[in-house]
Structures are given as structure tokens and as C-alpha cells.
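Visitor:
Chains as they are written, first to last, in the working numbering: chain E, 112 to 430; chain S, 112 to 430.
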């Protein structure tokens with residue numbers, strides 16, 4: 112699994128960081144998925160190998176502009192460059208109203224169908240082509256959601272011991288069973304291929320939070336997760352100085368949750384523009400990292416625009 | 112007068128060109144004006160000395176997304192960075208509906224008032240702080256407008272011969288008249304300063320067209336203009352191959368109009384992404400230039416993103 116960060120700033124873009132967007136795909140796959148779509152996401156995409164025509168689904172966490180104002184332009188550009196395949200959008204219901212209003216007032220005409228799924232109605236996991244998608248409601252003033260991606264289609268291998276124990280003789284039949292075909296033996300008995308195909312490994316799971324002041328709301332979604340991507344808009348010192356967290360999380364709150372939950376990998380993003388890149392500045396992005404490390408002993412990253420992360424089969428995340 | 116091109120692509124952004132936006136200001140002034148605001152305009156602004164807090168007015172030519180989808184994010188960012196001064200927006204009435212729909216569906220809250228003026232209702236020239244603004248309706252399927260900026264506050268000097276002929280004796284009174292003050296002479300007669308202040312030069316005039324398939328609709332607006340900025344989305348060869356001009360202008364049509372009108376400076380912009388930067392490519396951006404030069408013998412430019420043009424007091428445009 113791969114994660115491309117396309118925007119890592121909170122609220123407003125900076126010269127170094129665009130507003131929120133994250134691309135997810137299976138390693139080197141053409142098909143991909145987009146979580147959030149702040150203004151300028153389509154311009155960021157032009158600087159990656161990702162194609163709008165191979166975008167399988169867009170997931171929006173909430174309706175604030177820094178997470179959705181890039182949606183009309185991205186859909187418009189996909190139309191102008193010839194997309195015809197339907198596109199799934201999973202988002203709070205207000206995003207549907209937003210898109211309908213844009214279409215009504217600006218004459219936006221799409222060349223493809225939108226399969227819109229209101230996340231409020233997502234009771235069962237949604238089977239996307241590469242992932243099973245689940246969602247959890249968060250706390251942020253407007254309806255905000257976190258999404259879990261559990262990979263589908265994990266490689267399987269023949270259960271040789273099982274086949275031998277069941278008396279299925281080694282030969283061409285084994286090849287057909289390995290391809291997922293149910294076969295009938297000479298003695299008339301049916302062999303169900305699923306019974307003799309073992310998953311070679313655990314399906315990986317990635318959780319991406321929306322804006323949220325209560326990380327523990329992701330507790331259930333994070334069970335069995337390999338990676339949590341979550342906003343860390345401020346550190347505690349800045350929240351104390353501002354007198355409000357604006358319904359966002361501090362680095363400490365997210366890191367403490369990830370430590371408590373035993374998550375192996377944590378990626379922080381969505382940093383207030385007040386944090387400067389220069390390590391000597393006040394406040395510096397290093398303050399966020401320092402605060403997170405004080406609470407979390409796992410594999411920690413602070414995302415930058417155009418960072419590419421790879422999650423290995425055994426759950427190790429590397430940049 | 113200065114022109115900063117912030118976006119010069121038609122329809123969709125490319126790696127080299129963002130979608131439409133043009134900043135205008137008096138030379139080295141802090142106050143500035145924005146014509147059109149395609150997605151990503153606020154990100155382009157971050158790469159210039161322009162400040163959202165000193166933006167005096169936004170003029171939108173028409174409601175197509177590549178000319179207005181950057182508006183919500185720009186207004187949101189101006190709010191988040193503390194703007195309180197009201198902002199004038201002159202635009203087709205549908206832009207008001209677009210902004211109201213965005214505010215209603217995404218909870219966009221602005222910290223400043225919008226003084227919205229529907230361009231359809233603009234009967235008299237509008238006095239902006241630095242320019243008198245006029246508009247003309249164009250032809251593009253949706254309501255599209257061109258804008259003329261005529262500079263205000265041109266430097267004036269005392270009409271010494273006139274003062275002497277009127278019997279106003281040289282002295283401190285001249286200084287007061289020079290500052291625009293009406294003064295009463297010892298003999299009781301009133302001297303109106305405007306009668307004795309001569310403009311040192313002609314007010315410069317800049318015309319910026321919106322998307323438009325009929326350049327001649329700008330004829331009246333272009334009378335006395337120093338510069339015309341107009342879209343040249345295609346050259347004729349591409350229009351013939353496409354079988355349609357999509358209600359845009361060819362380089363030949365705009366250049367021919369500018370030649371006929373005797374305009375000294377012509378800047379073409381809003382190029383279809385099919386035109387490549389590489390001179391050897393087909394079609395190349397050079398095809399646009401070659402076609403325009405075949406029709407126009409004035410001072411011709413093809414705009415690039417981040418080009419800065421200066422118009423001198425005597426009407427010479429340089430990049």
C-alpha cells in the first residue's frame with residue numbers, strides 16, 4: 112500500500128504545504144483513491160504519476176473548504192480530459208448539496224456519473240475495488256468522519272496439507288483450485304477452492320481521520336490497524352496561547368491515543384500554518400514532532416507535501 | 112501600471128500554466144485588483160508580493176469554473192488571515208448565487224463584508240480607488256464580460272499661464288491651488304483649483320476581455336486603450352481540426368481586431384492545454400504567436416504564469 116500526501120496544511124495553503132488531500136493506492140497500481148480534496152488538489156496531482164481517469168473513489172471527511180473546495184475543479188478537469196467511468200464519492204450529505212449547488216450555479220457539466228454515498232448511511236463496509244471501506248463519526252463542529260481502508264484480494268496459496276488429507280491427488284486439478292475454481296473429482300465429490308486456499312498474510316488496514324478533537328472516537332476503527340493518519344493541527348503550547356483548539360487535536364492527544372491503542376505507525380498531518388519549517392523558528396514544526404514523541408514510542412512521521420509512504424506486507428511503514 | 116499574470120491556461124491547469132487570474136496594480140502599489148480567480152489563484156498569489164489584505168476588488172468575467180472556482184478559497188483565506196476591510200466584487204449575477212450557495216452548504220463565514228455589484232447593472236463607470244471601471248458584454252454562451260481600467264488620479268500641474276492671465280499673483284495661493292484647494296482672492300473672487308490644474312499626461316487605459324468568440328464586441332471599450340488582454344484559446348488550424356471553437360477566439364481573430372483598432376499593445380492568454388511549450392511540438396504555443404503576428408503589427412506578447420508587465424506613462428508595455 113502506498114500513501115501520497117498531496118496537502119498537509121490546515122485552513123490555508125502555504126508556499127510549502129497545500130490544503131488537505133491524500134492519495135492511496137496498492138503498490139504501483141494505476142487505480143487510486145483520494146481522501147479529501149482541498150483547493151489546488153488537481154494541480155498537486157499534475158506533479159504525481161496519478162491519473163484522474165484511474166481515480167476509483169473520493170472520500171471526503173467533512174465540508175470545510177480546506178477539505179473540499181478542490182472538488183468542483185477536479186471533477187470538471189476529469190470531464191474535460193474525457194473521463195466516462197462512473198466515480199464513487201463517499202462524503203457527508205452536505206457535500207452532495209455543495210456539488211449540486213455548484214452544478215446549478217456554474218453550469219458544471221460532468222461527462223461521467225457520480226455514485227454518491229452519504230457516509231451517514233454507511234452501515235456495512237463498502238466494497239471498493241481494492242479496499243473494504245468503513246467510517247466512524249468524529250467530533251469537529253460540523254459532521255466529520257474517519258475512514259478505514261482494509262485491503263481486499265490478499266494473495267492466497269494452496270493448502271497442500273489439506274488437499275492431501277482430503278485425498279485430492281497432486282496434478283492439474285491443483286492448478287485449477289489455485290485459480291479459485293471449484294472442481295469435481297472422479298469420485299463425484301465437489302472440492303470448493305475457498306476451502307483449500309490460505310491467505311498468505313493478514314490484510315493490511317489504514318485509518319485516515321478527518322478533523323477531530325477527540326482521537327478516541329477512532330478507537331473501534333483503529334482496532335487491527337497498521338497505520339493511523341491523523342491531524343495534529345497544534346501542539347499544547349499554541350493551544351494554551353490561543354485559548355482554543357478550534358475543535359482540532361494536539362500532537363500530544365493523537366500520539367497518546369496511538370500509544371494507548373498500540374498502533375505501530377502514526378503519520379501526523381494538517382499542521383497550522385503558524386508552524387514554520389525552520390527548526391530555529393518559534394513555533395517550529397519540530398515542536399509538533401517533539402510533543403508527539405513524548406507520548407508515542409512507535410514509528411512516527413510528520414507528513415510533507417509529496418511524501419510517498421509505503422506500507423510493507425508485514426506492516427512496516429517507510430517514507 | 113503593472114499586470115501580473117497568475118494563470119494563463121484555458122479550462123484545465125497544466126504543470127506550466129494555472130487557470131485564469133490576472134492581478135493589476137499601479138506601479139509598486141500595495142493596493143491591487145484581481146480579474147478572474149480560477150482554482151489555485153490563492154496559491155499563485157503566495158508566490159508574489161501581493162497581499163490578500165490589500166486586494167481592493169475582484170472582477171469576474173464569467174461563471175465558468177476555470178475563472179471562478181478559486182473564489183471561495185481565496186475569500187476563506189482572507190478571512191482566516193484577518194481581513195476586516197470590505198471587498199468589492201464585480202461579476203455576473205450568477206457569481207453571487209454561486210457564492211451564496213457555497214456559504215450555505217459549506218458554512219463559509221467571512222470576517223469582512225462583500226460589496227457585490229452585478230456587472231449587468233453597471234451603467235456608469237465605477238470609481239474604484241485607482242481606476243474607473245467600465246464593462247462590456249461579450250459572446251460566450253454564458254454571460255461573459257470585458258473590463259476597462261482607466262487610471263484615476265493622474266498627476267496634474269499648475270496652469271501658470273492661465274493663473275497669470277487670470278491675474279492670480281504668484282505666491283502662497285499658488286501652492287494651495289496646486290494642492291487642489293479652491294481659494295478666494297483679496298478682491299473676493301473665487302478661484303476653482305480644477306480650472307488651473309492641467310493633467311500632465313493622458314490617463315492610461317487597459318482592457319481585459321473574458322472568454323469571447325467575437326472580439327469586435329470590445330470595440331467601444333477599446334477606444335483609447337493602451338493595452339488589450341484577450342484570450343486566444345486556439346489557432347485556426349486547431350479549430351478546423353476540432354470542428355468547433357467552443358465559443359472562444361482564435362489568435363487570428365483577436366490579432367486582426369487589435370490591428371484594425373490600432374491598439375499599441377496586445378497580450379494573448381488563456382491557451383488551450385493542447386499547445387505545448389516545446390517549439391518543436393505540434394501544436395506548439397509558437398503556432399499561436401505566429402498566427403497572431405501574421406495579423407498584428409503592434410507590440411505583441413503571449414502571457415506566461417508569473418509574467419510581470421509594466422505599462423509606462425507614455426503607453427509602452429514591457430515584460
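Backbone N, C-alpha and C fix where the C-beta goes; we use that ideal spot for every residue, glycine too.
Predicted model only: the values in this text are computed from it and were never measured.
Given this structure, state the Cα-to-Cα distance separating residue 122 (chain E) from residue 176 (chain E), to the nearest angstrom.
Guide: For the purposes of this step, residue 122 (chain E) is taken as the residue at position 11 of the first chain. For the purposes of this step, residue 176 (chain E) is taken as the residue at position 65 of the first chain. Cα-Cα distance, rounded: 8 Å.
Visitor: In the structure shown, what three-state DSSP assignment does residue 304 (chain E) receive?
Guide: On the first chain, position 193 is the one that residue 304 (chain E) refers to. In the three-state scheme derived from DSSP, where H, G and I count as helix and E and B as strand, residue 304 (chain E) is classed as helix.
Visitor: Kindly provide the ranges of any alpha helix (DSSP H) runs that are 4 or more residues long and lie completely inside the stretch 289-348 of chain S, ordered along the chain.
Guide: Fully enclosed alpha helix (DSSP H) runs of 4 or longer: not present.
Visitor: Give me the Cα-Cα distance between residue 229 (chain S) and residue 169 (chain S), rounded to the nearest whole angstrom.
Guide: Residue numbering aside, residue 229 (chain S) sits at position 118 when the second chain is read from its first letter. Residue numbering aside, residue 169 (chain S) sits at position 58 when the second chain is read from its first letter. About 12 Å.
Visitor: Tell me the DSSP secondary structure of residue 152 (chain S) in three-state form.
Guide: Here residue 152 (chain S) refers to the residue found at position 41 when the second chain is read from its first residue. Note: residue 152 (chain S) maps to helix in three-state DSSP.
Visitor: Whole angstroms is fine: what's the gap from residue 140 (chain S)'s alpha carbon to residue 134 (chain E)'s?
Guide: If you number the second chain from 1, residue 140 (chain S) lands on position 29. If you number the first chain from 1, residue 134 (chain E) lands on position 23. When rounded, the distance between both Cα atoms is 41 Å.
Visitor: Evaluate residue 427 (chain S) with the Cβ neighbour count: other Cβ atoms within 10 Å of its Cβ, from every protein chain shown; 16 or more gives buried, anything less gives exposed.
Guide: If you number the second chain from 1, residue 427 (chain S) lands on position 316. Under this definition residue 427 (chain S) is an exposed residue.
Visitor: Would you call the stretch 349-363 of chain S and the stretch 318-333 of chain S in contact, with 3 or more CB pairs under 8 Å?
Guide: Here the stretch 349-363 of chain S makes contact with the stretch 318-333 of chain S; the two share three or more CB pairs at distances below 8 Å.
Visitor: Quick one: using the 10 Å Cβ neighbour count with 16 as the cut-off for buried, is residue 273 (chain S) buried or exposed?
Guide: By one-based count along the second chain, residue 273 (chain S) stands at place 162. By the 10 Å Cβ count, residue 273 (chain S) comes out exposed.
Visitor: Helix, strand or coil: which one does DSSP assign to residue 355 (chain E)?
Guide: Within the first chain, residue 355 (chain E) is the residue found at index 244, counting from 1. Coil.
Visitor: Report the partner residues of residue 395 (chain S) according to the DSSP bridge assignment.
Guide: As a position in the second chain, residue 395 (chain S) is number 284, starting the count at 1. The partner list for residue 395 (chain S) (beta bridge, DSSP) reads S:387.
Visitor: For residue 181 (chain E), which of S:191, S:203, S:211 and S:149 has the nearest alpha-carbon?
Guide: If you number the first chain from 1, residue 181 (chain E) lands on position 70. Closest by alpha carbon: S:149.
Visitor: Report the option in E:416, E:219, E:425 and E:420 whose CA atom is closest to the CA atom of residue 125 (chain E).
Guide: The residue you call residue 125 (chain E) lines up with position 14 of the first chain. Answer by Cα proximity: E:416.
Visitor: By alpha-carbon positions, which one of E:263, E:311, E:269 and E:319 ends up nearest to residue 137 (chain E)?
Guide: Counting from 1 along the first chain, the entry for residue 137 (chain E) is found at position 26. Of E:263, E:311, E:269 and E:319, the residue nearest in Cα terms is E:263.
Visitor: Please specify which runs of the alpha helix (DSSP H), each continuous and at least 4 residues long, are wholly inside the stretch 188-267 of chain S, giving them in chain order.
Guide: 204-217, all fully within the stretch 188-267 of chain S.
Visitor: Can you give, in chain order, each stretch of the beta strand (DSSP E) that sits fully within the stretch 114-168 of chain E and has at least 3 residues?
Guide: 132-136 and 143-146
Visitor: Could you give the distance in angstroms between the alpha-carbon of residue 289 (chain E) and the alpha-carbon of residue 313 (chain E)?
Guide: One-based indexing of the first chain puts residue 289 (chain E) at position 178. One-based indexing of the first chain puts residue 313 (chain E) at position 202. Answer to the nearest angstrom: the Cα atoms are 19 Å apart.
Visitor: Check whether chain E comes within 8 Å of residue 118 (chain S), counting only Cβ atoms and requiring the distance to be less than that.
Guide: Residue mapping note: residue 118 (chain S) aligns to position 7 of the second chain, counting from 1. For residue 118 (chain S), the answer is no, since every Cβ of chain E falls outside 8 Å of its Cβ.
Visitor: How is the beta strand (DSSP E) around residue 377 (chain E) delimited, first residue to last?
Guide: Start at 1 with the first residue of the first chain, and residue 377 (chain E) comes out as number 266. Run containing residue 377 (chain E): 376-380, per the beta strand (DSSP E) assignment.
Visitor: Looking at the structure shown, is residue 412 (chain E) part of a helix, part of a strand, or coil, going by DSSP?
Guide: One-based indexing of the first chain puts residue 412 (chain E) at position 301. In the structure shown, residue 412 (chain E) sits in a strand (DSSP, three-state: E or B).
Visitor: Do you know offhand how far residue 189 (chain E)'s Cα is from residue 382 (chain E)'s?
Guide: Within the first chain, residue 189 (chain E) is the residue found at index 78, counting from 1. Within the first chain, residue 382 (chain E) is the residue found at index 271, counting from 1. Whole-angstrom Cα-Cα distance: 29 Å.
Visitor: When the cut-off is 8 Å and only beta carbons count, does residue 129 (chain S) lie next to chain E?
Guide: The count along the second chain starts at 1 and reaches residue 129 (chain S) at position 18. Yes, because at least one Cβ of chain E sits closer than 8 Å to the Cβ of residue 129 (chain S).
Visitor: In whole angstroms, give me the CA-to-CA distance for residue 243 (chain E) and residue 237 (chain S).
Guide: For the purposes of this step, residue 243 (chain E) is taken as residue 132 along the first chain, with counting starting at 1. For the purposes of this step, residue 237 (chain S) is taken as residue 126 along the second chain, with counting starting at 1. If you take the alpha carbons of residue 243 (chain E) and residue 237 (chain S), they lie about 57 Å apart.
Visitor: Excluding sequence positions up to five away, which residues of its chain have a Cβ less than 6 Å from the Cβ of residue 224 (chain E)?
Guide: In the first chain, residue 224 (chain E) corresponds to position 113, counting from 1. Answer for residue 224 (chain E): 197, listed in chain order.
Visitor: Residues in the same chain with beta-carbon distance under 7 Å from residue 406 (chain S), minus the five sequence neighbours each way, listed in chain order, please.
Guide: Position 295 of the second chain, counted from the start, is the residue given in the question as residue 406 (chain S). 363, 366, 367 and 370, listed in sequence order.
Visitor: Mind listing the chain E neighbours of residue 341 (chain S)? Cutoff is C-beta to C-beta under 7 Å, in chain order.
Guide: On the second chain, position 230 is the one that residue 341 (chain S) refers to. Correct list: empty, because the minimum Cβ distance to chain E is about 21 Å.
Visitor: Could you tell me which residues DSSP pairs with residue 421 (chain E) in its beta bridges?
Guide: Sequence index remark: in the first chain, residue 421 (chain E) carries index 310 (1-based). Partner(s): E:113 and E:429.
Visitor: Could you give the distance in angstroms between the alpha-carbon of residue 160 (chain E) and the alpha-carbon of residue 192 (chain E)?
Guide: Here the question's residue 160 (chain E) lines up with position 49 in the first chain. Here the question's residue 192 (chain E) lines up with position 81 in the first chain. If you take the alpha carbons of residue 160 (chain E) and residue 192 (chain E), they lie about 16 Å apart.
Visitor: Report buried or exposed for residue 398 (chain E), applying the criterion of at least 16 other Cβ atoms within 10 angstroms of its Cβ.
Guide: Numbered from its first residue, the first chain carries residue 398 (chain E) at position 287. Result: buried.
Visitor: Report yes or no: is there a C-beta of chain S within less than 8 Å of the C-beta of residue 220 (chain E)?
Guide: Here residue 220 (chain E) refers to the residue found at position 109 of the first chain. Not an interface residue.
Visitor: With a threshold of 8 Å on Cβ separation, who are the neighbours of residue 350 (chain S) within its own chain once the five nearest residues in sequence on each side are excluded?
Guide: Here residue 350 (chain S) refers to the residue found at position 239 of the second chain. Excluding residues within five positions, the ones whose Cβ falls inside 8 Å are 356 and 361.
Visitor: Compare the C-beta of residue 148 (chain E) with all C-beta atoms of chain S and state if any pair is closer than 8 Å.
Guide: Numbered from 1 along the first chain, position 37 holds the residue referred to as residue 148 (chain E). Chain S, which has no Cβ nearer than 8 Å to the Cβ of residue 148 (chain E), makes this no.
Visitor: Interface residues of chain S around residue 125 (chain E) at Cβ under 8 Å?
Guide: On the first chain, position 14 is the one that residue 125 (chain E) refers to. Those within 8 Å of residue 125 (chain E) in chain S are 157.
Visitor: Quick one: Cα of residue 276 (chain E) to Cα of residue 270 (chain E), how far?
Guide: Taking the first residue of the first chain as 1, we reach residue 276 (chain E) at position 165. Taking the first residue of the first chain as 1, we reach residue 270 (chain E) at position 159. Whole-angstrom Cα-Cα distance: 10 Å.
Visitor: Quick one: measure Cβ to Cβ for residue 378 (chain E) and residue 414 (chain E), integer angstroms, because I've assumed they're closer than 8 Å.
Guide: Residue mapping note: residue 378 (chain E) aligns to position 267 of the first chain, counting from 1. Residue mapping note: residue 414 (chain E) aligns to position 303 of the first chain, counting from 1. Residue 378 (chain E) to residue 414 (chain E), Cβ: 5 Å. Contact.
Visitor: How would you list, in chain order, the residues of chain S whose beta-carbon sits under 7 Å from the beta-carbon of residue 203 (chain E)?
Guide: What you label residue 203 (chain E) is simply residue 92 of the first chain in a count that begins at 1. What residue 203 (chain E) touches in chain S: nothing, since even the nearest Cβ is about 11 Å away.
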